[in-house]
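Student: In the working numbering, the protein residues as written are -10 to 97.
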């Protein structure tokens, strides 16, 4: 009985599928790490822009903006506006920063 030299055995196919699965899981794990680093870089950039906007506001108005409302995670607390007098930092945006930053993980 002679074997057909052109085909693959079942073991060879299973080994190749296992290698592909292992490589894809490594790639997906590194992709998630890259996403987290990008989100953290976005947060740092937003904080720096917010710091700059607050310093500009303080130099023009001789003080920092005052907020009287709590801007919490619940929709029943405070304002969720990102500009104008209803923003979570009133009157900072759009004059000193285009819009107030939000958490990139929870942004819709």
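Built from N, CA and C at the ideal position, the CB exists for glycine as well. Since the structure is predicted, the reported quantities are computational estimates derived from the model, not experimental observations.
Candidates 49, -1, 30, 14: which alpha carbon is nearest residue 80's?
Tutor: 49
Student: Exposed or buried, which one is residue 85 when buried takes at least 16 other CB atoms within 10 Å?
Tutor: buried
Student: Just to confirm, is the Cβ distance from residue 94 to residue 28 under 8 angstroms?
Tutor: yes
Student: In angstroms with no decimal places, state the Cα-to-Cα distance between residue 6 and residue 13.
Tutor: 11 angstroms
Student: Could you check the C-alpha separation between residue 18 and residue 53 for me, to the nearest Å?
Tutor: If you take the alpha carbons of residue 18 and residue 53, they lie about 43 angstroms apart.
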